[in-house]
Amino acid sequence: MTTAALIVAAGRGMRAMAPGEATPKQYLTVGGQMILTRTIGAFARHAEVDQVITVIHPDDRSLYAQPVQEISQP
């Protein structure tokens, strides 16, 4: 059996944005690391998770590249 973690990160996070902010909350930095990077990494390191699938908003492809790159680096 394969276990997949599905991370739904396509929201805009409008309530978490400061006035004038345009970055969805999953791409904000907390403690020096993007929230989405932390989330993907937690599931990727889990011993019982074989695959991590992330659903993002189509407009966030460039933002998504950074968390994925950080996870794939040793």
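Numbering follows my numbering, in which position 61 of the sequence shown is assigned residue number 66; successive positions increment by one, without gaps. Where is the CB? At the ideal position from N, CA and C, for every residue including glycine. Since the structure is predicted, the reported quantities are computational estimates derived from the model, not experimental observations.
When C-alpha distances from R20 are compared across K30, H51 and I12, the shortest belongs to K30.
Distance between H51 and P24, taken at the CA atoms: about 36 Å.
Beta-bridge analysis with DSSP links T34 to M39.
Here DSSP, grouped into helix, strand and coil, assigns A10 to strand. Going by beta carbons, T42 and P63 fall outside the 7 Å limit. Setting aside the 5 residues that flank it on each side, L11 is surrounded in the same chain by I58, each with a C-beta closer than 6 Å to its C-beta; the list follows chain order. Looking at the backbone, the Cα of L33 and that of A9 are separated by about 25 Å.
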